[in-house]
DNA sequence: ATGGCCTGCAACGCAGGA
């Protein structure tokens with residue numbers, strides 16, 4: 006089973022990239038973030054022609070998440086149960102016996118903003134929910150745009166980013182908390198190149214100069230981690246014309 | 001130098017992203 010996550014930064018704009026990428030990589034499950042589409046505008050017919058079923062939870066202008074799968078997706082949950090949130094950032098589904106959780110964790114904007122407090126409250130609620138999901142689903146994968154660079158090696162300039170949103174200690178503690186619950190960071194289970202990132206700023210030639218952050222992640226339960234054979238960041242779509250600022254992360258799990 | 005770039009919405013600039 007090949008699973009992936011990609012913040013597409015507008016599915017309307019990026020649909021041609023997504024279709025090209027699906028045809029090349031042929032993943033079994035893809036979690037998308039920042040679709041920026043209401044559900045009535047979701048391009049389910051085009052994706053169906055490409056061989057994918059679509060499960061989605063969107064809104065106008067901002068946020069929006071989706072799970073694409075070759076096989077049927079069941080037990081669909083939107084949002085964090087018990088956590089009131091207008092923003093469409095969470096989608097869970099079971100595909101082929103594997104529980105998939107697609108996350109678009111809030112950005113937080115800046116540490117002195119209300120949005121940062123919202124991010125921390127959101128992460129707190131997420132931790133509680135993940136605990137129950139782990140207890141009920143031994144085969145659990147959590148994929149998405151976490152908006153957290155877990156360690157300094159995930160940041161192109163850790164000195165400049167020290168204490169900045171995406172790199173603050175409370176955010177990193179939450180990330181480690183998820184690992185503490187038994188989830189594993191699939192990317193770090195394998196040898197990787199130094200300066201591996203999943204996002205680069207559109208400005209200042211960020212991608213060309215590799216001024217990036219690793220903020221898109223795949224976390225696996227112990228059972229899935231034991232069966233995971235590879236995890237890699239696919240930089241290819243970031244080289245294409247009019248790209249998303251994020252690029253896909255892919256993990257392969259043996260059946 | 002606190003902005004640079006991209007997207008959507010709606011209006012000819014703004015919010016939001018990271």
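Numbering (our numbering), first residue to last: 6 to 260. Here a beta-carbon is modelled for each residue, glycine too, at the ideal position from N, C-alpha and C.
Terminal residues of the beta strand (DSSP E) in which residue i lies
i           : result
residue 257 : 254-258
residue 142 : It is not in any beta strand (DSSP E) - residue 142 carries neither H nor E in the DSSP assignment.
residue 29  : Here residue 29 belongs to no beta strand (DSSP E); instead the alpha helix (DSSP H) covers 16-30.
residue 184 : It is not in any beta strand (DSSP E) - residue 184 instead sits in the alpha helix (DSSP H) that spans 174-185.
residue 52  : From DSSP, residue 52 is part of no beta strand (DSSP E) but of the alpha helix (DSSP H) over 49-54.
residue 222 : 221-225
Which of helix, strand or coil DSSP assigns to residue i
i           : result
residue 231 : helix
residue 7   : strand
residue 201 : coil
residue 112 : coil
residue 64  : coil
residue 40  : coil
residue 159 : helix
residue 117 : coil
residue 210 : helix
residue 59  : strand
residue 164 : helix
Residue j beta carbon less than 8 Å from that of residue i
i           : j           : result
residue 32  : residue 255 : yes
residue 147 : residue 188 : yes
residue 249 : residue 12  : yes
residue 85  : residue 134 : yes
residue 8   : residue 223 : yes
For residue j and residue i, the rounded distance between their alpha carbons
i           : j           : result
residue 201 : residue 126 : 29 Å
residue 81  : residue 10  : 18 Å
residue 282 : residue 113 : Here the chain has residues from 6 to 260 only, and residue 282 is not among them.
residue 65  : residue 120 : 19 Å
residue 106 : residue 165 : 32 Å
residue 203 : residue 131 : 22 Å
Residue range of the alpha helix (DSSP H) that includes residue i
i          : result
residue 70 : Note, residue 70: premise wrong, no alpha helix (DSSP H); beta strand (DSSP E) at 70-74.
Q: Answer yes if the stretch 227-239 comes into contact with the stretch 42-49, meaning at least three C-beta pairs across the two stretches below 8 Å, and no otherwise.
A: no
(Q) Quick test of the definition: if touching needs 3 or more C-beta pairs under 8 Å, does the stretch 93-108 touch the stretch 134-145? (A) yes
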